[in-house]
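**Q**
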Amino acid sequence: MAKRIDVSGLTAYYGSHKAIDDISMSVEPRSVTAFIGPSGCGKSTFLRTLNRMHEVTPGGRVEGKVLLDDENLYGSGVDPVAVRRTVGMVFQRPNPFPTMSIFDNVAAGLRLNGTYKKSDLKDIVEKSLKGANLWNEVKDRLGKPGSGLSGGQQQRLCIARAIAVEPQVLLMDEPCSALDPISTLAVEDLIGELKERFTIVIVTHNMQQAARVSDRTAFFNLAAVGQPGKLVEIDDTERIFSNPSVQATEDYISGRFG
Amino acid sequence: MTDVMTDRRPLTGQPGDPLPVSLKQARLPRWSPPVIALVSAAAGCGIGLAAGLDSRIQWGLIAALLFIVGTYALAAAVEGRRQAKDRLATSLVWIAFLLAVIPLASLLWETVARGSKVLDGYFLSHSMGTLPDAMPGGGIYHAIIGTLEQVGLATLIAAPLGLFTAIYLVEYGRGRLAKVVTFFVDVMTGIPSIVAGLFVLSVWILILGFGPSGFAGSMALAILMMPVVVRSTEEMLKLVPNELREASLALGVPKWRTILKVVLPTSIGGITTGVMLAIARIAGETAPVMLLVWGAKTINSNPFEDAQQSLPLYVFQQWQQGSEASYDRAWAAALVLIAFVMVLNLVARGIARWKAPSTGR
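Sequence order for the protein chains is V and P.
In terms of my numbering, the first sequence is residues 1 to 258.
In terms of my numbering, the second sequence is residues 1001 to 1361.
As C-alpha cells, then:
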C-alpha cells in the first residue's frame, strides 16, 4: 500500500515570492526520507506541496509535477481532498481537536469523511493507537479530552489520527521539535515501525535524528535570505553524513555553516 | 514595618550608585490603602460640611483628590518614588472604577426601588386593556409577548445571516468582495436605530403598503442585530487556531465539513455568547418599534398582523402619560426589561462556560 513519490521541476510560490525553485527527487516506498537544511530553505513548504496543503495558505501556488505511483497530484481533475486522504500529515505542534475526546480524535478522519463501518470503528481506533504506541497509556481514558494529554502523548495521538485513515504516505513536519528527549525517542521508535507500512517523509532540524531514523536524506539550502530554497542533494543517509558529494552539505552537517 | 526602615529607599539611588546591598525595603502595611480611603472620605465630608458645599459630588471629588494625594505623599515618604508612582496609578484606577460603577449601581438601585412597587403576578399577567392611563392597575403581559416575539423573529432572521456572513469572511473571503462586506458591516454597526426603523418604514409600509406589525419591527431590529452578530462571530472564528483547520484538511476532510465539524464546535460557546449579547442589545430598542409596531394596549399575540406592544415602548408611553400610576408602571416595566437582559447575559455566560473546550486532565 505504500507508494513511491517522484517529484519533477517543482516550484512553489507564496503570492509573488518564490519559496522553492525547481526541485526534483524520488522518495522510495517503505522508507524514511529526511529533509534537512537551514530555517527558511523551503523544507516545510516542499513537504506541504506533497499533499497539496501548500495551496491552503493564501497566495500559495505550485508549478511542476508530483507523481504518486505515476499519478500526478497536480494533474487536472485531481481532487485535493482525495490527495490528502492518501497522503497524511503530522504537524510540528501537536494539534488534537480540543472539542473531541481521545477516541473521537483518532476516529475524526473516518467520521468526518464518512468512510467507515460503525462496527469497525472501535477496532480501527484501537489498532491506530497501538500503532502509535499510545494504546497502553490511554486505553482507560478514551473518553477524556485529547488536550489533557502531555505534549509527547498528544503528538502520538496526532500520529494515530493520521494513520487511522490508512494513508499511503505519511508526511511529518518537525514532529519532535516541541517534545522532550524521551517523547522524541518514542516517536522515533514509532517512525521505525511505521516505515514497514508507509512511505515516510520527515522534516527535521535535528541532524542526529535524521541520521537515526532515515534511510535517505535530502539537504536543502538557499543562496541568501529572500532567495528561493533549492535541493542541494539527496542520497543515502549514510553517505550524506559520511561523505557527501557537495561541499555545502558537509559544511552544514559539520556545523561550518554560514 | 521592620528594622529595614533604616535602610530606606535602597532601590532608588542615582545612576552610578553602587547597587544596594539589601533587596528588602520599607513597605506601607497592607491595610494602609483602605485606611487612607476612609480617612480621605471622612475628610471630604468634613470639608464639605465646613465649607457649606451643597453638592455631594463636590464632597466625593474632594475625598478622591485627598485619597490620591495622600497615598502618593505617604508612599513617597515611606517607600520611595517608584512605589509612590505605582500607588498613584493604582489609586487612579480605583477611582475610575468607582466612577464607572456608581452610576450603574445607582441606576439599578433606583429601578429596583421604584419598579418593585407595582411589580407582582397581576402586573406580569395582564394587559392594559381599557384601563385609563391615570388609574393604577393594568400590566405588561401584552408588552412581554410583543418583545419576545419581535426579538425572537429578529434573531431568527439575523443570527443565521450573520453567522454565514462571518463564516464567509473568515473562511472563504478573499479579495475585494470580502473587503467591501467587512466595510459595510462596520458601517452598519453604527447605524442609528431610528434610521433602520425609517428604512423599513419606507420600504415595508410606505412602498409595499403593509400595515404596522411586530414583524415589521423585527426586520428593523434584525438590521441592527446583524452587524453585531457578524463582528462577534468573526472574532470567535479567528480565534480558532489555524492548526486545527490544517489538521482536519490533512486528514482529507473537505473544507465545508472542516468548518462544520471542527471550526464551529470549537468556537460555538463564543458565538452563542455574541448572539445573546446582540439580542440583549436590541431588546431595549424603542425607536424602530415606535415607527413600525406602533404600540397597543391590548394583547396581540400575532406578530404578523396589527400593532403590538413592546417593553421599551411601553416604558416610554407610560412615562409620557405623566400620572403617578403610569410612572410606577414605567419603572416596573423597566425593571422587567433589565431582568430580561440580565437573564440573557447569564445564559450566554453559562453556555460559554459549558461549551468551552475543556483541558480536563
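We put the CB at the ideal spot given by N, CA and C, even for glycine.
Keep in mind it's a predicted model, so treat the numbers as computed, not measured.
Under the three-state reduction of DSSP, which class applies to MET25 (chain V): helix, strand or coil?
**A** Three-state DSSP puts MET25 (chain V) in a strand.
**Q** For LEU1237 (chain P) versus ALA1348 (chain P), is the C-beta distance shorter than 9 Å?
**A** No. Outside cutoff.
**Q** Of all the residues that make up the stretch 38 to 66 of chain V, which are near chain P by a beta-carbon distance shorter than 8 Å?
**A** Correct list: ASN51, MET53, VAL56, PRO58.
**Q** Which whole-angstrom value describes the C-beta separation of ARG52 (chain V) and LEU73 (chain V), a residue pair presumed to lie in contact below a C-beta threshold of 8 Å?
**A** Yes, they are in contact, since the Cβ atoms of ARG52 (chain V) and LEU73 (chain V) sit about 6 Å apart, within 8 Å.
**Q** Per the DSSP calculation, ASN72 (chain V) is bridged to which residue(s)?
**A** DSSP output for ASN72 (chain V) lists V:LEU67 as bridge partner(s).
**Q** Candidates V:GLU126, V:VAL165, V:LYS144: which alpha carbon is nearest MET89 (chain V)'s?
**A** The shortest Cα separation from MET89 (chain V) among V:GLU126, V:VAL165, V:LYS144 belongs to V:VAL165.
**Q** Out of P:THR1189, P:GLY1080, P:GLY1252, P:GLY1269, state which residue places its alpha-carbon closest to the alpha-carbon of ARG1281 (chain P).
**A** When only C-alpha atoms are compared, the closest one is P:THR1189.
**Q** Taking Cβ positions only, does THR99 (chain V) come closer than 9 Å to chain P?
**A** Taking Cβ atoms only, chain P reaches closer than 9 Å to THR99 (chain V), which makes this a yes.
**Q** Pick helix, strand or coil for MET53 (chain V), following the three-state DSSP scheme.
**A** Here MET53 (chain V) sits in coil by DSSP.
**Q** Quick one: using the 10 Å Cβ neighbour count with 16 as the cut-off for buried, is LYS1179 (chain P) buried or exposed?
**A** Exposed, because fewer than 16 other Cβ atoms sit within 10 Å of the Cβ of LYS1179 (chain P).
**Q** Name, please, each residue of chain P whose Cβ falls closer than 8 Å to the Cβ of GLY109 (chain V).
**A** Those within 8 Å of GLY109 (chain V) in chain P are LEU1251, GLY1252, VAL1253.
**Q** What separation, rounded to the nearest whole angstrom, lies between the Cα atoms of LYS117 (chain V) and TYR1141 (chain P)?
**A** For LYS117 (chain V) and TYR1141 (chain P), the distance between alpha carbons rounds to 54 Å.
**Q** Can you have a look at THR1002 (chain P) and say buried or exposed, based on whether 16 or more other CB atoms are within 10 angstroms of its CB?
**A** A caution first: THR1002 (chain P) carries a pLDDT of 45, below 50, which makes its placement in the model unreliable, though a value can still be read off. So THR1002 (chain P) ends up on the exposed side.
**Q** Using the three-state DSSP reduction, which class does ASN1345 (chain P) fall into: helix, strand or coil?
**A** If DSSP states are grouped into helix, strand and coil, ASN1345 (chain P) belongs with the helices.
**Q** I'd like to know if THR1006 (chain P) contacts chain V, where contact means its C-beta is closer than 9 Å to some C-beta of that chain.
**A** Low per-residue confidence applies at THR1006 (chain P): pLDDT is 47, beneath 50, and the placement is therefore not dependable, though the value from the model is reported in the following sentence. For THR1006 (chain P), the answer is no, since every Cβ of chain V falls outside 9 Å of its Cβ.
**Q** Return helix, strand or coil for SER245 (chain V), following the three-state DSSP convention.
**A** Reduced to three states, the DSSP call for SER245 (chain V) is coil.
**Q** Against chain V, with Cβ distances strictly below 9 Å, would SER1232 (chain P) count as a contact?
**A** Not an interface residue.
**Q** With a threshold of 9 Å between beta carbons, is CYS176 (chain V) in contact with chain P?
**A** It does not: the Cβ of CYS176 (chain V) has no partner Cβ on chain P nearer than 9 Å.
**Q** Output, in chain order, the set of chain V residues within a Cβ distance shorter than 7 Å of ARG1176 (chain P).
**A** Within chain V, no residue comes near ARG1176 (chain P); the closest Cβ sits about 14 Å away, beyond 7 Å.
**Q** Rounding to the nearest angstrom, what Cα-Cα distance links ALA1339 (chain P) and SER1127 (chain P) in this structure?
**A** ALA1339 (chain P) and SER1127 (chain P): Cα-Cα distance of roughly 19 Å.
**Q** Run down chain P in chain order and give the residues with a C-beta less than 9 Å from the C-beta of ARG161 (chain V).
**A** Result: ALA1247, LEU1251.
**Q** Taking the CB atoms as reference points, tell me whether GLY229 (chain V) and PHE103 (chain V) lie closer together than 9 Å.
**A** No, these two residues do not count as a Cβ contact at 9 Å.
**Q** On the DSSP bridge list, what partners appear for ILE5 (chain V)?
**A** DSSP, once it has assigned bridges, lists V:VAL27, V:LEU68 as partnering ILE5 (chain V).
**Q** May I ask which residues mark the beginning and end of the beta strand (DSSP E) holding GLU233 (chain V)?
**A** Where GLU233 (chain V) is concerned, the enclosing beta strand (DSSP E) stretches over 229 to 236.
**Q** Assuming contact is defined by CB atoms lying nearer than 9 Å, are PRO1303 (chain P) and SER1218 (chain P) in contact in what I supplied?
**A** Yes; because the gap between Cβ atoms is below 9 Å, this pair is in contact.
**Q** Hey, does VAL165 (chain V) have any beta-carbon neighbour from chain P nearer than 9 Å?
**A** Closer than 9 Å: yes.
**Q** Counting only Cβ-Cβ distances shorter than 8 Å, please list the residues of the stretch 1104 to 1138 of chain P near chain V, keeping chain order.
**A** So the list is empty, because no residue satisfies the distance condition.
**Q** In the DSSP assignment, what are the bridge partners of MET172 (chain V)?
**A** According to DSSP, MET172 (chain V) bridges with V:VAL90, V:ILE202.
**Q** Cβ closer than 9 Å: which chain V residues qualify as neighbours of THR1266 (chain P)?
**A** In chain order: PHE97, PRO98, THR99.
**Q** My output table needs one value for LYS1024 (chain P): the three-state DSSP class, helix, strand or coil.
**A** Three-state result, LYS1024 (chain P): coil.
**Q** Thinking C-beta only, is ASN105 (chain V) closer than 9 Å to GLU1246 (chain P)?
**A** Going by C-beta atoms, GLU1246 (chain P) is not nearer than 9 Å to ASN105 (chain V).
**Q** Give me the subset of the stretch 1153 to 1185 of chain P whose CB atoms are less than 8 Å from a CB atom of chain V, sorted by chain position.
**A** Flagged, chain order: ARG1174.
**Q** Please tell me whether ARG1257 (chain P) has its Cβ less than 9 Å away from any Cβ of chain V.
**A** With 9 Å as the cut-off, ARG1257 (chain P) counts as an interface residue toward chain V.
**Q** Within 9 Å of any Cβ in chain P, is that where the Cβ of MET207 (chain V) sits?
**A** No, its Cβ sits nowhere closer than 9 Å to a Cβ of chain P.
**Q** Can the beta-carbon of THR217 (chain V) be found closer than 9 Å to that of PHE35 (chain V)?
**A** Cβ distance < 9 Å, so THR217 (chain V) and PHE35 (chain V) count as in contact.
**Q** What are the uninterrupted segments assigned as beta strand (DSSP E) that are 3 or more residues long and contained completely in the stretch 112 to 194 of chain V, given in chain order?
**A** The stretch 112 to 194 of chain V contains these whole beta strand (DSSP E) runs: 169 to 173.
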